[in-house]
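The sequence shown maps to residues 10 to 217 in the numbering used here.
Here a beta-carbon is modelled for each residue, glycine too, at the ideal position from N, C-alpha and C.
Small disclaimer: the values here were computed from a predicted structure and weren't measured.
Notes to accompany the following structure.
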Amino acid sequence: MRLLLETVEAIRAAVGPKFPVAVKLNSSDQLEGGFGGEDALEVVAALDRSSVDLIDISGGTYFPGAKSASDGAGRGPYFLEFAKRARAVTTKPLMLTGGFKTRAQAEDAMVSGAVDIVGLARALVLEPSLPEFWKAGQKTEPVFPRFSDAPDGGITAWYTMRLTEVGTDTETPVFSDLGQAIQDYEARDKMRTEVWLRHFGHEAMGQI
Ligand SMILES: Cc1cc2nc3c(=O)[nH]c(=O)nc-3n(C[C@H](O)[C@H](O)[C@H](O)COP(=O)(O)O)c2cc1C
């Protein structure tokens, strides 16, 4: 918590009072004996006293074997109950990210009074214009691909590669398969590692 709070204040000192600074905070890392709801509430209360402008509530970790928030039962947003508890300990604007798939879910979360902003990740990867459609009152909902027997890391690789396609305007209506996504993801990482080593390799080796 001290690391986070000192980082927030150092960033504030660097960017000045008008630049928006937000924190994306885990409500739980879903690890046994790890960072849980009570810890997170303490951090929210401390952030309330900080100069941060917005707290985005989320959860989970990429730690191998950790339960994914999307493994949980229910189809709605993952951390709404926690957001309600956080609302009681802060007056900062709260954003909630994780599990939003439909406009109705987003509206319900807003109406609950617990959150001020809804965060979308995968839904935006699937339909980058979604907020525009929703604001225009259209009923458009993103089509979430279903993957059965997904290999480890497959779904993250798939969304990452899809995001890369969206960023380069090369996405197609056809969803590629997870095996291909993992291969592309690993190839991209390898290429990036080579670029990184070309630039920083000597220094990094010097440190080691
Ligand atoms: C391809 C991809 C990359 C992500 N990268 C990050 C990241 O760098 N940092 C982070 O805090 N969350 C990251 N996330 C998690 C999302 O921000 C979000 O918390 C999570 O996907 C749940 O929201 P959703 O149900 O709207 O997808 C990533 C998610 C995806 C799908």
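heavy atom of ligand 1 below 7 Å from residue i C-beta
| i | result |
| --- | --- |
| threonine 179 | no |
| valine 61 | no |
| phenylalanine 28 | no |
| tyrosine 194 | no |
| phenylalanine 109 | yes |
| arginine 21 | no |
| arginine 201 | no |
| lysine 101 | no |
| threonine 221 | Residue 221 falls outside the range modelled here, since the chain spans only 10 to 217, and no answer is possible. |
| valine 124 | no |
| lysine 76 | no |
| leucine 172 | yes |
| arginine 131 | yes |
| serine 67 | yes |
| threonine 169 | yes |
| threonine 165 | yes |
| valine 134 | yes |
| lysine 93 | no |
| lysine 33 | yes |
Helix, strand or coil at residue i [DSSP, three-state]
| i | result |
| --- | --- |
| threonine 149 | coil |
| aspartate 57 | helix |
| isoleucine 38 | Checking the sequence shown, residue 38 turns out to be aspartate, not isoleucine. Residue state, collapsed to three classes: coil. |
| aspartate 48 | helix |
| tyrosine 194 | helix |
| threonine 179 | coil |
| threonine 99 | coil |
| threonine 202 | helix |
| phenylalanine 209 | helix |
| glycine 43 | coil |
Alpha helix (DSSP H) segment containing residue i, residue limits
| i | result |
| --- | --- |
| lysine 144 | 139 to 144 |
| leucine 12 | 11 to 24 |
| glycine 163 | 163 to 176 |
| alanine 159 | Element bounds for alanine 159: n/a, residue is neither H nor E. |
| glutamate 90 | 89 to 96 |
| arginine 84 | No alpha helix (DSSP H) holds arginine 84; DSSP gives it neither H nor E. |
| alanine 132 | 131 to 135 |
| alanine 115 | 112 to 120 |
Residue i - partner residues in DSSP beta bridges
| i | result |
| --- | --- |
| isoleucine 126 | Met104 |
The beta strand (DSSP E) enclosing residue i, as first and last residue numbers
| i | result |
| --- | --- |
| proline 32 | For the sequence presented, residue 32 should be read as valine rather than proline. Valine 32 -> beta strand (DSSP E) spans 31 to 35. |
| leucine 63 | 63 to 67 |
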